[in-house]
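Chemist: Protein sequences appear in the order of chains A and B.
According to this note's numbering, the residues represented by the first sequence are 593 to 730, in order.
According to this note's numbering, the residues represented by the second sequence are 278 to 446, in order.
Pasting in a structure now, in C-alpha cells, and then I'll have a few things to ask.
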Amino acid sequence: MANYKFFQKDTGQWIDAPGETWQWEAYLDDGTILKQFGDDLLFHQFDEIDQNKLAIFKMVSSTYPQTYSVVFDSQNMKLIHFYRNTVLNAGTTDEIRHRLYYFGYEKKFMGKTEKVLMVITPSNGLILTPDPDLVAYI
Amino acid sequence: MAAIVEIDEQNGKSDSPLLTHNISHTNMGSADAVNLDPLICPVSPGGNTCEKWQLFHVTNMGTSSRVRDLRIWRSGNLNDGAVHMTNATPKSYLGAPVYTTPSASISQVAKNIMPTSTPTQANLGINGSLNGNLVSPGYSDFFVHQIQTTPKAIAGNTSTLNYQYDEVA
Chain A
593 MANYKFFQKD TGQWIDAPGE TWQWEAYLDD GTILKQFGDD LLFHQFDEID QNKLAIFKMV
653 SSTYPQTYSV VFDSQNMKLI HFYRNTVLNA GTTDEIRHRL YYFGYEKKFM GKTEKVLMVI
713 TPSNGLILTP DPDLVAYI
Chain B
278 MAAIVEIDEQ NGKSDSPLLT HNISHTNMGS ADAVNLDPLI CPVSPGGNTC EKWQLFHVTN
338 MGTSSRVRDL RIWRSGNLND GAVHMTNATP KSYLGAPVYT TPSASISQVA KNIMPTSTPT
398 QANLGINGSL NGNLVSPGYS DFFVHQIQTT PKAIAGNTST LNYQYDEVA
C-alpha cells in the first residue's frame, strides 16, 4: 500500500496520511484530476479543489466496488465534503466509533440555498438528504 | 490521518486548577476528582454529583483543516426523577463558561437538560460560539454537567456519554 504524506503547516512537519475507506477525486474541466490521495503520493486537502473548474466530483473506495459521482455545475454549485465522527458510550468498554462520509453541494434556487447531500454509512449504505442533521444516531 | 481528539477534565480550585488529559471515563460522584470511583464517592439520594468541567481537545489536526459542530448527549436511563444537567444546548447558548471550582450544589452553569439523542445541531461551542471552528490544535468551550438526584434515588442506573464532531480534510 502506498505511503502518502501531508505537510502539516502548524507543526511544519511531514506526516503520514493513512488511507480513508472513501476518498475523493476531482475531475476538472481542463482535463486534470486532483485526487485526495494523489498519484504524487501526497495527501490533498479539500480546499485545494478549484471549484471554478470542477466538472465531476467522485467518491471512490479501495474497499467497495461502487463509485459515487456528482456532476458539477461550477457556475451555480458549491461543493460540500466533510466527515462526521461519532463516539458512542465514550470511555466505556462498549465504546463505538463511527465515521460518516458526507458529500454533495449547495445551490441557489429562487433566492433560496438548497442542499443536496449524500452520506456513505459504515455499512456502505448511501443516504440522500437535504439536511445533514436528519441523519442521526438514536 | 484523521484529527486526534480526546476528552480532558479540569478539577480543583479556580485559582489552582489541574487539567487531566485524555480521561479514562466520566464516572460521576460526590467528589471533585477525575476518573473517580463512584463506590468510593457515592451521592446520597437527593444529592447532586459534583460538577464535571470537561473539554473536547483536538491534540493534532492530522490532515484536517477544520474541526467543528460539536454535539454531546447521553444515553441510558436515569430513574426516580434524577436529571442530568449541562451547559451544552443548541438554543440560547451562553458562550464559554469561565472555570470555577466544581461544586456539588445545584449547578449555576449546567442549567439545561442533557439531550438523550443526537442533537440536531451543535450544542457545545468553540471560542464561545456554536459556529466556531478549530483550525489548529485547541479546545472547545468547557462542557459542564451534573446529575441531580431525588430522595427516591436508588443505585444501579447507568448513563453513558456520546459525542460527535465534523471534520473537513
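Every residue gets a Cβ at the ideal spot worked out from N, C-alpha and C, and that includes glycine.
These numbers come from a predicted model, not from an experiment.
Rounded C-beta distance between B:Pro322 and B:Lys429? I'm assuming under 8 Å.
Modeler: 7 Å
Chemist: Check whether the segment 399–410 of chain B and the segment 318–332 of chain B touch, using three or more Cβ-Cβ pairs below 8 Å as the test.
Modeler: no
Chemist: Within 8 Å (strictly less), CB to CB, does A:Asp632 reach chain E?
Modeler: Within the model displayed, chain E is absent; protein chains A and B are what it includes.
Chemist: Quick one: using the 10 Å Cβ neighbour count with 16 as the cut-off for buried, is B:Val445 buried or exposed?
Modeler: buried
Chemist: Going by DSSP in three states, A:Leu726 sits in which element: helix, strand or coil?
Modeler: helix
Chemist: Would you mind giving the Cβ-Cβ distance between A:Trp614 and A:Ser653, rounded to the nearest angstrom? I have them listed as a contact below 8 Å.
Modeler: 5 Å
Chemist: Is any beta-carbon of chain A found at less than 8 Å from that of B:Pro374?
Modeler: no
Chemist: One question on the structure: do B:Thr363 and B:Phe420 come within less than 8 Å of each other, judged by their Cβ atoms?
Modeler: yes
Chemist: Anyone know if the C-beta pair for B:Glu351 and B:His361 falls short of 8 Å?
Modeler: It should be pointed out that residue 351 of chain B corresponds to Arg in this sequence rather than to Glu. Their beta carbons are under 8 Å apart, which means B:Arg351 touches B:His361 by this criterion.
Chemist: Hey, quick one: how far does the beta strand (DSSP E) through B:Gln331 stretch, first residue to last?
Modeler: 329–337
Chemist: Could you have a look at B:Glu283 and say whether DSSP puts it in helix, strand or coil?
Modeler: strand
Chemist: Contact criterion: CB-CB distance below 8 Å. Does B:Glu283 meet it with respect to chain A?
Modeler: no
Chemist: Could you check whether the segment 409–417 of chain B touches the segment 311–325 of chain B, counting it as contact only if at least three pairs of C-beta atoms, one from each stretch, sit closer than 8 Å?
Modeler: no
Chemist: So A:Asn716 packs on A:Tyr656, CB below 8 Å; how close in whole Å?
Modeler: 5 Å
Chemist: I want to see whether chain A comes within less than 8 Å of B:Thr297, judged by CB atoms only; does it?
Modeler: No, because no Cβ of chain A sits closer than 8 Å to the Cβ of B:Thr297.
Chemist: Can you tell me the Cα-Cα spacing of A:Lys627 and B:Lys290, whole angstroms?
Modeler: 51 Å
Chemist: Given this structure, state the Cα-to-Cα distance separating A:Lys597 from A:Ile607, to the nearest angstrom.
Modeler: 6 Å
Chemist: Taking C-beta to C-beta, are B:Asp443 and B:Asp285 nearer than 8 Å?
Modeler: no
Chemist: Thinking C-alpha only, which one of B:Ala279, B:Lys368, B:Ser406 is nearest A:Phe611?
Modeler: Correcting the residue identity first, residue 611 of chain A is Gly in this sequence and not Phe. Comparing alpha-carbon positions, the option among B:Ala279, B:Lys368, B:Ser406 lying closest to A:Gly611 turns out to be B:Ala279.
Chemist: Thinking just about the alpha-carbon of each residue, which of B:Gln423, B:Glu283, B:Ile431 is nearest to the one in B:Met338?
Modeler: B:Glu283
Chemist: CA-CA distance, B:Ile281 and B:Ile317?
Modeler: 32 Å
Chemist: Look at the alpha carbon of A:Gly630 and the alpha carbon of A:Phe599, and state the distance between them as a whole number of angstroms.
Modeler: 14 Å
Chemist: Measuring only the C-alpha atoms, how far is B:Gln441 from B:Ser394?
Modeler: 11 Å
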